[in-house]
Structure formats: structure tokens, C-alpha cells
Amino acid sequence: MRTRTAAAIAATLLLALTACSGEDEPDKPAVTVTATKSPALSKAEIAKQCTDAVALLEPNDKGEIPSEPVPAQCKGLGTDEYLDAYYDGIQQANKLARQDLQRQIEEAEQQDQ
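Under numbering that gives the first Met the number 0, think of the first position of the sequence shown as 0, with each following residue one higher.
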């Protein structure tokens, strides 16, 4: 019986202490920060960025655009996807170079007249 009495007294004290420990003022609302993950790019978007990055690479001394190191924009692509984007990037760079050459030819012709 002493165990039950001691347990009842301890429970009563615990409840009394818990009830008295509350503050009169309400808690200030906590500031919540919601972290949003940036949307993942689709494979097509990554491939487009990779193609554009390859097109901007400078050729080496032989006039070649090396496939290694892989541009950072291409890191999310598999090997086959990267090589497709690499090939497209070289074609894009060649097209831009031809357009620039044509522009220079036209400017030179206008200066001769």
C-alpha cells in the first residue's frame, strides 16, 4: 500500500508542477522556412544546354573540339546522349562559323565598292 500511496503522491506532484510551469504569455509564432527544391531539368533541356556549351568550346591547335573534358552542362547525360549532344554542338558551331564567314565576305565586298 505504501507503493501505491507514493506513486499517487508522485503523480499528483508531477501534475501540479506541470500545470504551474506554463507561461501566461502565448508563445511567439515560430518562423517557418520552406526549402523548395529547384525543378529538375528534363533530358531534352540538359541535352540542349550541353549542345550550346559544346558549340561555345574553343577548338584546339588542330582545329578540333575535344570531347573531353565533358562540359559541366553535360554531366546529367549518359554516354550516348552526350555524344549526340556533342555532335549537335559541333554542327551548331560550324553553322555559326559559316554565318560569321559569310558576314565577313559581304562586308569586304561592300568595302570594295
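We put the beta carbon where it would ideally sit given N, CA and C, even for glycine.
With fewer than 16 other Cβ atoms from the protein chains shown falling within 10 Å of its own Cβ, residue 96 counts as exposed. In this structure, the alpha-carbon of residue 62 lies about 20 Å from that of residue 103.
Ranked by Cα distance from residue 82, the options 111, 39, 41, 54 are led by 54. C-alpha of residue 90 to C-alpha of residue 50: approximately 9 Å in a straight line. Take residue 58, set aside five residues on each side of it, and the residues of its chain with a beta-carbon closer than 8 Å to its own are 64, in chain order. For residue 105, the enclosing alpha helix (DSSP H) starts and ends at 78-111. Rounded to whole angstroms, residue 43 and residue 88 show a C-alpha spacing of 14 Å.
Within a 10 Å sphere around the beta-carbon of residue 72 sit 16 or more other beta-carbons, which makes this residue buried. In the structure shown, residue 57 falls within a coil segment according to DSSP collapsed to helix, strand and coil. In the structure shown, residue 74 falls within a coil segment according to DSSP collapsed to helix, strand and coil.
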